[in-house]
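Residue numbers (this note's numbering): 77 to 482.
Okay, so here's the structure we're looking at.
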Amino acid sequence: MESQVKDRIAGIYADGWSRIVATMIRFTGGDWDLAEECAQDAFTQALRKWPESGVPNQPLAWLTTAARNRAVDRMRRATTEAAKLREVAAMEPEQAPSYASDSDIPDERLELMFTCCHPALNLHAQVALTLRSLTGMSTAEIARAFLVTERTMGQRLFRARQRVAHAGIPFRVPPAHLLPERLPAVLHVLYLLFNDGYGDPHKARLAQEAIRLARVLAALMPDEPEAHGMLALMLLHDARRPARIDACGDLVTLEEQDRSLWDRARIAEGLTILEGTLRRRRAGPFQIQAAIAACHATAPAAAQTDWPQIAGLYAQLALVAPSAVVDLNHAVAIGMAQGPQAALPLIDAITETGHLKGYHLLHAAHAELLRRAGRAAEARDSYRAALDLAPTEAERRHLRKRLRTL
77 MESQVKDRIA
87 GIYADGWSRI
97 VATMIRFTGG
107 DWDLAEECAQ
117 DAFTQALRKW
127 PESGVPNQPL
137 AWLTTAARNR
147 AVDRMRRATT
157 EAAKLREVAA
167 MEPEQAPSYA
177 SDSDIPDERL
187 ELMFTCCHPA
197 LNLHAQVALT
207 LRSLTGMSTA
217 EIARAFLVTE
227 RTMGQRLFRA
237 RQRVAHAGIP
247 FRVPPAHLLP
257 ERLPAVLHVL
267 YLLFNDGYGD
277 PHKARLAQEA
287 IRLARVLAAL
297 MPDEPEAHGM
307 LALMLLHDAR
317 RPARIDACGD
327 LVTLEEQDRS
337 LWDRARIAEG
347 LTILEGTLRR
357 RRAGPFQIQA
367 AIAACHATAP
377 AAAQTDWPQI
387 AGLYAQLALV
397 APSAVVDLNH
407 AVAIGMAQGP
417 QAALPLIDAI
427 TETGHLKGYH
437 LLHAAHAELL
447 RRAGRAAEAR
457 DSYRAALDLA
467 PTEAERRHLR
477 KRLRTL
């Protein structure tokens with residue numbers, strides 16, 4: 077019985093965390109730290125009380141009320157200003173929350189993302205703050221997504237919250253005409269949410285939720301090619317999901333996957349969306365990445381992949397969205413198209429910058445190129461470096477297997 081209640085709470089956490097935190101941010105006047113602390117405290121209370129009392133008929137309302145009561149207590153203790161005390165005393169802590177909205181955004185979670193992605197913050201701060209507050213991702217998980225240390229990400233989140241508090245940035249749904257300026261951050265939030273679920277089989281529901289929200293976003297903003305490009309990219313990647321992990325739970329690389337397991341209907345849908353959005357001739361980063369995914373999805377076999385075209389697309393991506401990760405993928409594509417000797421100097425140049433020193437895929441890619449170049453001893457060193465940094469057990473098993481082949 078207790079385990080069933082805990083499973084129920086875990087489901088409510090996944091579905092309701094963002095709603096509770098958003099309600100608490102509004103309630104506390106934009107105090108993000110207090111909002112998250114009170115939401116977490118409410119779930120802690122539920123874990124303690126519900127196994128004995130049972131799950132309430134309206135669990136989300138119960139949790140929001142518990143969080144609200146906690147916030148009232150904290151606010152009463154934290155201030156001695158008479159005006160604040162009168163404001164707190166007038167609050168109705170037992171009142172069930174209302175989630176009604178008159179905004180033009182047809183999905184509450186998407187609405188919250190647009191609300192959090194305030195243009196007064198830089199793009200990375202918008203994305204990180206939204207991921208932390210509305211998706212339940214930990215600081216460590218967000219740091220991995222941004223390829224920085226947990227300490228660095230913690231500092232970024234702290235500074236972003238300080239800016240929100242000191243600048244008096246309002247927490248409210250933006251009107252329709254302001255949605256486009258917030259779209260880039262929302263796209264990045266959704267895609268990082270998708271990647272978090274795609275990279276870990278235990279979080280598959282996150283990837284599916286990201287796809288659902290991407291569909292809503294594409295329908296909401298039909299004239300925004302990047303929204304459609306991101307949806308196409310998600311679908312083309314997700315189509316390969318059934319072949320990514322074998323029966324033993326081991327990672328299967330793209331080149332080794334059984335392509336008969338790929339979801340052909342999902343590939344067809346992704347290609348159709350991509351073709352439609354590319355006709356607008358406003359290619360952005362997500363559309364280019366979707367075009368790369370399409371090259372993989374349409375190749376009859378790994379050996380028939382059009383690597384020269386993929387290398388060209390990565391070169392184009394580097395122009396519109398330069399980053400060390402794009403440079404790494406470009407180098408890998410050149411290695412596949414022209415041979416490892418052409419790519420190894422590019423990998424060395426990326427390594428010298430130090431931008432990806434903690435990124436396991438840099439070392440794994442280096443190891444693969446060294447192996448193909450016949451430099452086994454150096455390849456072993458790079459595989460070991462990748463193994464030390466790999467974030468999941470499936471990836472670590474894959475790297476150990478690669479090491480054994482040497």
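We treat Cβ as the ideally placed atom computed from N, Cα and C, and that holds for glycine.
Small disclaimer: the values here were computed from a predicted structure and weren't measured.
Contacts around residue i, its chain only, beta-carbon distance under 6 Å, and the 5 residues preceding and following it disregarded
i    : result
G411 : A419, L445
F362 : E302, G305, M306, L309
P135 : I88
L296 : none
V401 : none
L422 : A407
A33  : Outside the displayed span of the chain (77 to 482) sits residue 33, for which this structure offers no information.
E226 : T215, A216, A219
R95  : none
L223 : Y435
Close Cβ partners of residue i (< 7 Å) along its chain, the five nearest in sequence each way excluded
i    : result
A122 : I85, L139
P416 : L445, R448, A449
P277 : I321
F119 : I85, Y89, L139
V292 : P182, D183, L186
E168 : Unreliable positioning characterises E168 in this predicted model, as indicated by a pLDDT of 47, which lies under 50. A coordinate reading is not provided.
G325 : A470
A466 : H436, R472, L475
V240 : G106, W108
A294 : A303, H304, L307
Exposed unless 16 or more other CB atoms sit within 10 angstroms - verdict on residue i
i    : result
H253 : exposed
S174 : Residue confidence is low: S174 scores 45 on pLDDT, short of 50, so the model does not pin down where it sits. No coordinate-derived value is stated.
P250 : buried
W93  : buried
K477 : exposed
A452 : exposed
L161 : Low confidence applies here, because L161 scores a pLDDT of 43, under 50, leaving its location unreliable and the question unanswered by this model.
D424 : exposed
L432 : buried
L311 : buried
F234 : exposed
R146 : buried
E285 : buried
A280 : exposed
Q171 : Caution applies to Q171, whose pLDDT of 46 falls short of 50 and renders its modelled position unreliable; the model cannot decide the point.
A243 : exposed
L337 : exposed
G273 : buried
D107 : buried
L268 : buried
T206 : buried
S177 : With a pLDDT of 48 at S177, under the threshold of 50, the predicted position of this residue should be treated as unreliable, and no value is reported.
T381 : buried
8 Å Cβ cutoff met for residue i and residue j
i    : j    : result
I426 : A407 : yes
C192 : S209 : yes
A491 : R232 : Outside the displayed range of the chain (77 to 482) lies residue 491, so it cannot be described from this structure.
S458 : H474 : no
M100 : A143 : yes
R289 : L266 : The sequence as given places Leu at residue 289; Arg does not occur at that position. A contact, by the Cβ cut-off of 8 Å.
V81  : P127 : yes
I364 : V396 : yes
A236 : A216 : no
A323 : D334 : no
F190 : R258 : yes
L438 : L482 : no
R456 : F247 : no
T104 : A115 : no
Same chain, Cβ closer than 8 Å to residue i, neighbours up to 5 away in sequence not counted
i    : result
L199 : P260, A261, H264
R153 : none
R340 : A315
A377 : R335
L479 : R456, Y459, R460, L463
P256 : M297, E300
L347 : A308, L312, A370, A373, T374
A158 : Because A158 sits at a pLDDT of 45, beneath the cut-off of 50, its placement in the model cannot be relied upon, and the point is left open.
C-beta neighbour in chain B for residue i, strict 8 Å
i    : result
R248 : The chain inventory of the structure shown lacks chain B, comprising one protein chain alone.
message = As an exercise, report each continuous beta strand (DSSP E) stretch of at least 3 residues that is fully enclosed by the segment 211 to 295, in chain order.
response = none
query = Using 8 Å as the Cβ pair cut-off and three pairs as the minimum, do the segment 321 to 341 and the segment 352 to 368 touch?
reply = Counting Cβ pairs under 8 Å, fewer than three are found: no touch.
query = Is it a yes or a no for the segment 348 to 364 touching the segment 391 to 398, going by three-plus beta-carbon pairs under 8 Å?
reply = yes
key: Start-end ranges of the beta strand (DSSP E) lying completely within the segment 323 to 360, minimum 3 residues   = Fully enclosed beta strand (DSSP E) runs of 3 or longer: not present.
ask   = Can you give, in chain order, each stretch of the alpha helix (DSSP H) that sits fully within the segment 387 to 468 and has at least 4 residues?
value = 400 to 414, 416 to 429, 436 to 448, 452 to 465
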